[in-house]
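Remarks on the structure that follows.
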Amino acid sequence: MSYVPTVGVQNVIFSVENRVFQLFDIGGQRIDRRKWATMYDGIDAILFCIAVSEYNQTMVEDPEANRLQDSLSLLEKISNEPKFKNTPLLLFLNEIDVFREKLPLMPLEDSLPEYKGKSAEDGLDFIEGLAKKAMEGRDESLRRIYRTCAIDTESMSKILEDVFRTVLKVV
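In this text, residue positions in the sequence shown follow full-length UniProt numbering: the first is 1, and each later residue adds one.
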């Protein structure tokens, strides 16, 4: 199975513990972002994904823009959106497996010169710090950060249990 990026808005309805959830998977390309404003009402939680492995890649629509920096900028914008002031934001720093494999071949400091760490964990800590800075205006009780590898089903199962517990508190 290969990855297929989300294009536009995908609507998924599912149930967990006899509760029905509606998830909107919204494409992250800049052209898709204009559609987001129509979806701002009635949101109980925001699940935001950043592919940390994209630290050295550029945007398809803007070859000058770094994907990680763009994601962090978007995270900051969403974190500071007044309509989401009291909405839990759950951040997934995803593709940590790919990040760990890629880092020795493509140093993080080549893309983020301010990075001074030595290991993959240092790199993940650094990126998580950038994410925390992007969310610094948000109440800490309304944010969670998870380091994820979507193909690690055991780890993802535990993370998703925590996500559902968090979301169930607000719905």
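All C-beta atoms, glycine included, are put in the ideal place defined by N, C-alpha and C.
Would you mind working out which of Asn66, Arg138, Phe21 and Asp62 sits nearest Gly42, comparing C-alpha positions?
Nearest of Asn66, Arg138, Phe21 and Asp62 to Gly42, Cα basis: Phe21.
Just verifying my parser: in three-state terms, what is the DSSP assignment at Ile50?
Note: Ile50 maps to strand in three-state DSSP.
Determine the burial state of Glu54: buried for a count of at least 16 other Cβ atoms within 10 Å of its Cβ, exposed for fewer.
Result: buried.
Say whether the region 83-99 touches the region 61-70, bearing in mind that this needs 3 or more beta-carbon pairs closer than 8 Å, one atom from each stretch.
The region 83-99 vs the region 61-70: no contact.
Nearest to Lys83 by alpha carbon, out of Asp44, Phe24 and Leu124?
Among Asp44, Phe24 and Leu124, the Cα nearest to that of Lys83 belongs to Asp44.
Hey, Val170 and Pro113: beta-carbon distance below 8 Å or not?
Not in contact: Val170 and Pro113 (Cβ atoms no closer than 8 Å).
Between the C-alpha atoms of Pro63 and Leu91, what's the straight-line distance to the nearest angstrom?
About 25 Å.
Under three-state DSSP, which class holds Ile78?
Helix at Ile78.
When you compare only the Cα positions, how much space is there between Leu168 and Asn18?
One C-alpha to the other measures close to 11 Å.
What separation, rounded to the nearest whole angstrom, lies between the Cα atoms of Asp125 and Glu154?
Spanning the two alpha carbons is a distance of roughly 22 Å.
Just how far apart, CA to CA, sit Leu23 and Glu136?
Roughly 26 Å between the two C-alpha positions.
How is the alpha helix (DSSP H) around Arg100 delimited, first residue to last?
Counting along the chain, the alpha helix (DSSP H) containing Arg100 begins and ends at Ile96 to Lys102.
Name, in chain order, the residues that DSSP records as bridge partners for Thr58.
In DSSP, Thr58 forms a bridge with Asn66.
Using C-beta distances below 6 Å, list every residue in its chain close to Glu109, excluding the 5 sequence neighbours before and after it, in chain order.
Tyr115.
Ser157: buried (16+ other C-beta within 10 angstroms of its C-beta) or exposed?
Its Cβ having fewer than 16 others within 10 Å, Ser157 is exposed.
Does DSSP put Ile145 in a helix, a strand or coil?
Of the three classes helix, strand and coil, the one that applies to Ile145 here is strand, per DSSP.
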